[in-house]
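K.L.:
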Amino acid sequence: MSVDQPSSQAPSNSDLEQMMGSLANISGDLLESYEKLRGHATRMEQELCRANTDLENQVAEVEAILQALPVGVAVLDAEGTVLRVNETLAHILATGKGELVGMAAQDCLPGPEEPGEPFSLSSADGQTRILTRRSAKIVNTDDDQAGRVEIFDDQTEMVQLEERVRQMDKMAALGNMAAGIAHEIRNPLNAVKGFAELFKKSMQPDTRDHRWSSLILSGVVEIEAIISSLLSFSQPEKLRLETIEAQDIVDGALAAALQRTPGQRDPRDWQFTQDCSAGALRCDHIKLRQALRNLISNAMEVQPQGGALHIVAAQSDGSHTFEVQDAGPGVPVSLASRLADPFFTTRASGTGLGLSLVHSIAALHGGALHISCDASPLGGASFQFSIPSTRSPLTTRSCRFNAS
Numbered sequence: 064m065s066v067d068q069p070s071s072q073a074p075s076n077s078d079l080e081q082m083m084g085s086l087a088n089i090s091g092d093l094l095e096s097y098e099k100l101r102g103h104a105t106r107m108e109q110e111l112c113r114a115n116t117d118l119e120n121q122v123a124e125v126e127a128i129l130q131a132l133p134v135g136v137a138v139l140d141a142e143g144t145v146l147r148v149n150e151t152l153a154h155i156l157a158t159g160k161g162e163l164v165g166m167a168a169q170d171c172l173p174g175p176e177e178p179g180e181p182f183s184l185s186s187a188d189g190q191t192r193i194l195t196r197r198s199a200k201i202v203n204t205d206d207d208q209a210g211r212v213e214i215f216d217d218q219t220e221m222v223q224l225e226e227r228v229r230q231m232d233k234m235a236a237l238g239n240m241a242a243g244i245a246h247e248i249r250n251p252l253n254a255v256k257g258f259a260e261l262f263k264k265s266m267q268p269d270t271r272d273h274r275w276s277s278l279i280l281s282g283v284v285e286i287e288a289i290i291s292s293l294l295s296f297s298q299p300e301k302l303r304l305e306t307i308e309a310q311d312i313v314d315g316a317l318a319a320a321l322q323r324t325p326g327q328r329d330p331r332d333w334q335f336t337q338d339c340s341a342g343a344l345r346c347d348h349i350k351l352r353q354a355l356r357n358l359i360s361n362a363m364e365v366q367p368q369g370g371a372l373h374i375v376a377a378q379s380d381g382s383h384t385f386e387v388q389d390a391g392p393g394v395p396v397s398l399a400s401r402l403a404d405p406f407f408t409t410r411a412s413g414t415g416l417g418l419s420l421v422h423s424i425a426a427l428h429g430g431a432l433h434i435s436c437d438a439s440p441l442g443g444a445s446f447q448f449s450i451p452s453t454r455s456p457l458t459t460r461s462c463r464f465n466a467s
């Protein structure tokens, strides 16, 4: 038996050259494959970077949309833990977003179990809101519930608006009824006034009967003023425009107010000052005088024993402003927004129509009434209305009213 011994003969040069060529080819192939692999990896990395950027942009966009929603939103996981809330919900609950995240929904989110039912919420900032709560499931790719979204809609302004509409309907019906009553009262009142005047003329001055007849006539004048206010409030809104000097409006309004002073006191018990720098304007001067007269009369009535009033008529930026300042007790902030409501009054003898008429007349001219609760230069309240200097008749009423 023979065994082959390994050959000790060295490879020839041609063999070495062949082997080196093979190694070079293999190295070239490997290098080419490596370059291709590196290029592919670079492209994959770039695509991954773009995908991450797109994902971050989408997440940021979703977050921006979530925060911009006008409804409160809370995102919960499957166990009911709050994962995320938006700014609106934090504002509704008067708390920080971070304080809600991580809490159980049942411990921090208000509302009844029945979805869509309105409920009231008194928040930490002392405000009471009317809310509705709805829920939507979050499902994964296997249609299993992965969480839910709770949506809170603040219905406070809508509820308040609906209430104001109901009140306006009531006021309209009440105004129509009051106008009808006023018409019925006016005829017999004229008879009372006529006989009282005859009775007064037949009495000797400085007698008891003469004084009584004067009191009767004063009462009739008060009733006539109330009837006129009721009729003005309920009559169709029509303007008769003409050009008139602002000073004439001030003088006419002041003269009318002094004809009927509170408690029949001497007009000299009040000190009147004026600052009338405004020029002519186009308006319904009768209605405008009535509005300014009401402001002057109100300022006198809050100072029944006498006091000080300052009347301003100014002009700027295409508008005229008429203002009455008094030295009375001022206006509580809590009442300012209601003073222009029809039939709302803080005085036992008031009709609640004076400021409502001022508001209506200003709005009819395209202007606005403003009540300032801050102390006027005289120490009391300040009432003013502004209207455009040139105005065409309106067919609908503006509803601008400001109180501060």
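Read in order, the letters of the sequence shown correspond to residues 64 to 467 in the numbering used here. Glycine included, each C-beta is placed from N, C-alpha and C at the ideal position.
Using the three-state DSSP reduction, which class does R463 fall into: helix, strand or coil?
P.N.:
As a first step, residue 463 must be located in the sequence shown, where it is residue number 400. Confidence at R463 is low in this model, with a pLDDT of 40, below 50, so the placement of that residue is unreliable and no value is reported for it.
K.L.:
If R147 and G174 are in contact, beta carbons under 8 Å, what's the gap, nearest whole angstrom?
P.N.:
Looking up residue 147 in the sequence shown gives position 84. Looking up residue 174 in the sequence shown gives position 111. Incorrect: roughly 18 Å between the Cβ atoms, too far for contact.
K.L.:
Keeping to the same chain, check which residues put their C-beta closer than 6 Å to that of D338; ignore five residues upstream and five downstream.
P.N.:
Stepping through the sequence shown from its first residue, residue 338 is reached at position 275. Hits under 6 Å: V375.
K.L.:
Report buried or exposed for M82, applying the criterion of at least 16 other Cβ atoms within 10 angstroms of its Cβ.
P.N.:
Translated into the one-based positions of the sequence shown, residue 82 becomes position 19. Result: exposed.
K.L.:
Look at A485 and G342 and say whether their C-beta atoms are less than 8 Å apart.
P.N.:
There is simply no residue 485 to check, as the chain begins at 64 and stops at 467 in what is shown.
K.L.:
Hey, would you say V134 sits closer than 8 Å to V212, going by beta carbons?
P.N.:
For the purposes of this step, residue 134 is identified with residue 71 of the sequence shown, where counting begins at 1. For the purposes of this step, residue 212 is identified with residue 149 of the sequence shown, where counting begins at 1. Against a cut-off of 8 Å, the Cβ pair of V212 and V134 comes out as no contact.
K.L.:
Since F446 sits in a beta bridge, which residues does DSSP pair it with?
P.N.:
For the purposes of this step, residue 446 is taken as residue 383 along the sequence shown, with counting starting at 1. Note: F446 sits in a beta bridge opposite V387, I434.
K.L.:
Ignore the nearest five residues each way along the sequence and tell me which others in R113's own chain have a CB closer than 7 Å to its CB.
P.N.:
The residue given as residue 113 occupies position 50 in the sequence shown. Same-chain partners within the cutoff: there are none.
K.L.:
With G369 and P451 assumed to form a contact (beta carbons below 8 Å), what rounded beta-carbon distance in angstroms separates them?
P.N.:
If you number the sequence shown from 1, residue 369 lands on position 306. If you number the sequence shown from 1, residue 451 lands on position 388. Actually they do not touch by this definition, with Cβ atoms about 36 Å apart.
K.L.:
Which parts of the region 199-269 are runs of the beta strand (DSSP E), unbroken and 3 residues or longer, counting only runs that do not cross its ends?
P.N.:
208-217, all fully within the region 199-269.
K.L.:
If contacts are defined as beta-carbon pairs under 8 Å, then E386 and H348 qualify, I think. What distance do you get, rounded to the angstrom?
P.N.:
Here residue 386 refers to the residue found at position 323 of the sequence shown. Here residue 348 refers to the residue found at position 285 of the sequence shown. Incorrect: roughly 18 Å between the Cβ atoms, too far for contact.
K.L.:
Whose C-alpha, out of R345, L172, S379, is nearest the C-alpha of L302?
P.N.:
Translated into positions along the sequence shown, residue 302 becomes position 239. Of the listed residues, the one whose Cα sits closest to L302 is R345.
K.L.:
Closest to V222 by C-alpha separation, out of T105, H422, F182, would be which residue?
P.N.:
Working through the sequence shown from its first residue, we reach residue 222 at position 159. Minimum Cα distance to V222 is reached at F182.
K.L.:
If I'm right that I193 touches Q230 with Cβ under 8 Å, what's the distance once you round it to whole angstroms?
P.N.:
Position 130 of the sequence shown holds residue 193. Position 167 of the sequence shown holds residue 230. Between Q230 and I193 the Cβ distance is about 17 Å, and since that is not below 8 Å, they are no contact.
K.L.:
With a threshold of 16 other CB atoms inside 10 Å of the CB of N203, please say whether the residue is buried or exposed.
P.N.:
As a working mapping, residue 203 is identified with position 140 in the sequence shown. Burial call: exposed.
K.L.:
Since F448 and A354 are thought to touch, with beta carbons under 8 Å apart, how far apart are those beta carbons, to the nearest angstrom?
P.N.:
Residue 448 sits at position 385 when you count from the first residue of the sequence shown. Residue 354 sits at position 291 when you count from the first residue of the sequence shown. 6 Å between Cβ atoms; contact.
K.L.:
Could you compute how far the alpha carbon of L237 sits from the alpha carbon of P268?
P.N.:
On the sequence shown, residue 237 is found 174 positions in, with the first residue counted as 1. On the sequence shown, residue 268 is found 205 positions in, with the first residue counted as 1. Computed Cα separation, rounded: 43 Å.
K.L.:
How do the region 157-167 and the region 97-110 stand: do at least 3 beta-carbon pairs fall below 8 Å, yes or no?
P.N.:
Output reads no: the region 97-110 does not touch the region 157-167.
K.L.:
For my contact list, V421 and L358 are in at a C-beta cut-off of 8 Å; report their separation, rounded to the angstrom.
P.N.:
Stepping through the sequence shown from its first residue, residue 421 is reached at position 358. Stepping through the sequence shown from its first residue, residue 358 is reached at position 295. Contact holds; Cβ gap of about 6 Å.
K.L.:
Tell me the DSSP secondary structure of R323 in three-state form.
P.N.:
By one-based count along the sequence shown, residue 323 stands at place 260. Of the three classes helix, strand and coil, the one that applies to R323 here is coil, per DSSP.
K.L.:
Quick one: any contact between the region 278-286 and the region 254-262, if contact means 3 or more CB pairs under 8 Å?
P.N.:
Enough Cβ pairs lie closer than 8 Å, so yes.
K.L.:
Per DSSP, what are the beta-bridge partners of H273 in this structure?
P.N.:
On the sequence shown, position 210 is the one that residue 273 refers to. DSSP lists no partner for H273.
K.L.:
Span of the beta strand (DSSP E) holding S379?
P.N.:
Taking the first residue of the sequence shown as 1, we reach residue 379 at position 316. Residues 370-379.
K.L.:
By a C-beta neighbour count over all protein chains shown, 10 Å radius and 16 as the cutoff for buried, is S439 buried or exposed?
P.N.:
Position 376 of the sequence shown, counted from the start, is the residue given in the question as residue 439. Flag for S439 reads buried.
K.L.:
Can you tell me whether I244 is buried or exposed? The criterion is at least 16 other CB atoms within 10 Å of its CB, across all chains shown.
P.N.:
In the sequence shown, counting from the first residue as 1, residue 244 sits at position 181. The residue is exposed, with fewer than 16 neighbouring Cβ atoms inside 10 Å.
K.L.:
Are the CB atoms of Q388 and L441 nearer to each other than 8 Å?
P.N.:
In the sequence shown, residue 388 corresponds to position 325, counting from 1. In the sequence shown, residue 441 corresponds to position 378, counting from 1. Their beta carbons are under 8 Å apart, which means Q388 touches L441 by this criterion.
K.L.:
Around the Cβ of D78, are there at least 16 other Cβ atoms within 10 angstroms (buried) or fewer (exposed)?
P.N.:
What you label residue 78 is simply residue 15 of the sequence shown in a count that begins at 1. By the 10 Å Cβ count, D78 comes out exposed.
K.L.:
Could you check the C-alpha separation between R328 and Q322 for me, to the nearest Å?
P.N.:
The residue you call residue 328 lines up with position 265 of the sequence shown. The residue you call residue 322 lines up with position 259 of the sequence shown. Cα to Cα, R328 sits roughly 10 Å from Q322.
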